[in-house]
Amino acid sequence: MTQTEQQKPERSPAEWVTFSAASFILAVIVSLVGYTWLNDKNQPPILSVTNKKTIREIDGQFYVPFEVVNTGGDTAESVQIMAELEINGKVAESGEQQIDFLSSGEMEEGAFVFSQNPRQGQLTIRVASYKLP
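As C-alpha cells, then:
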C-alpha cells in the first residue's frame, strides 16, 4: 500500500454542514414517528352531531344545518345521520344523510330539509351508525 491509500481525506466544512443537517432531519422524523406511535391510542371513532346554526325558511321549506365531528382516533366510513321531527308526540317527518368517511378530527356539514316548521315540535338529530374501514 502506498502512503496516499492509507490517508483518509479530511472532510470539508460543507460536508460537515450537509451531514449535520441530514442527521438532524433524520432525527426529527424518527422522533415524530416514535411520538405518534406512543401517543396513538387507537380509539374508535367518537362521533357527535350538532345543529348550531339557525333554521332558514325558503319557499315554505325549512333548512336545518348540522355538523358532525369525529373526535376519536380511527376513521369512520358510511356515517349515517338521522333527523326526526316530532309534532304533538308523533313523528311528522324524518330524514337521513350519509357521509362517506370522517377521519380523526374531521368535521362535515350538511342540512336537513323539512316541509313543516321544526320550531313547532321537537327535532332530534343523531348519528345512527358507521362502519370501520
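Using the working numbering, the letters of the sequence shown map in sequence onto residues 1 to 133.
Even glycine gets a Cβ: it sits at the ideal position worked out from N, Cα and C.
Q) Taking the alpha-carbon positions, what's the Thr-54 to Ala-111 distance? A) As a working note, residue 54 is residue 54 in the sequence shown. As a working note, residue 111 is residue 111 in the sequence shown. Taking the straight line joining both Cα atoms gives about 11 Å.
Q. Hey, is the region 68-77 in contact with the region 99-107, meaning 3+ C-beta pairs nearer than 8 Å?
A. Proximity of the region 68-77 to the region 99-107 meets the contact definition, three or more beta-carbon pairs being nearer than 8 Å.
Q: Could you check the C-alpha separation between Glu-86 and Gln-43 for me, to the nearest Å?
A: Locating residue 86 in the sequence shown gives position 86, where the first residue counts as 1. Locating residue 43 in the sequence shown gives position 43, where the first residue counts as 1. Between Glu-86 and Gln-43, the C-alpha separation is close to 34 Å.
Q) With a CB to CB cut of under 8 Å and the five nearest residues on each side skipped, what residues in its chain are close to Leu-32? A) Against the sequence shown, residue 32 aligns to sequence position 32. Closer than 8 Å at the Cβ level, and outside the excluded window around Leu-32, lies no residue.
Q) Any idea what DSSP makes of Gln-116, helix, strand or coil? A) Numbered from its first residue, the sequence shown carries residue 116 at position 116. Gln-116: coil per DSSP, three-state reduction.
Q: Could you please give the first and the last residue of the uninterrupted beta strand (DSSP E) stretch that includes Pro-65?
A: Position 65 of the sequence shown, counting from 1, holds the residue named residue 65. From DSSP, the beta strand (DSSP E) with Pro-65 extends over 61-70.
Q | Same chain, Cβ closer than 6 Å to Val-79, five either side skipped, listed in chain order | A | Your numbering for residue 79 matches position 79 in the sequence shown. Correct list, in chain order: Ile-99, Leu-102, Tyr-130.
Q. Looking only at C-alpha atoms, which of Val-68, Ala-92, Met-82, Val-113 sits nearest to Ile-46?
A. On the sequence shown, residue 46 is found 46 positions in, with the first residue counted as 1. In terms of CA proximity to Ile-46, Val-68 leads the group Val-68, Ala-92, Met-82, Val-113.
Q: Pick helix, strand or coil for Ser-31, following the three-state DSSP scheme.
A: Residue 31 sits at position 31 when you count from the first residue of the sequence shown. Here Ser-31 sits in helix by DSSP.
(Q) Within a Cβ cutoff of 6 Å, which residues of the same chain sit near Asn-51, ignoring the five residues on either side of it in sequence? (A) As a first step, residue 51 is located in the sequence shown; it is residue number 51 there, counting from the start. Val-64, Phe-66, Ile-125, listed in sequence order.
Q | Cα-Cα separation between Gly-60 and Glu-108, rounded to whole angstroms | A | Taking the sequence shown and counting its residues from 1, one reaches residue 60 at position 60. Taking the sequence shown and counting its residues from 1, one reaches residue 108 at position 108. Cα to Cα, Gly-60 sits roughly 26 Å from Glu-108.
Q: Using only alpha-carbon positions, find the residue among Ile-25, Ala-14, Thr-71 that is nearest to Val-49.
A: Position 49 of the sequence shown, counted from the first residue, corresponds to residue 49. Selected option, being the one with the closest Cα: Thr-71.
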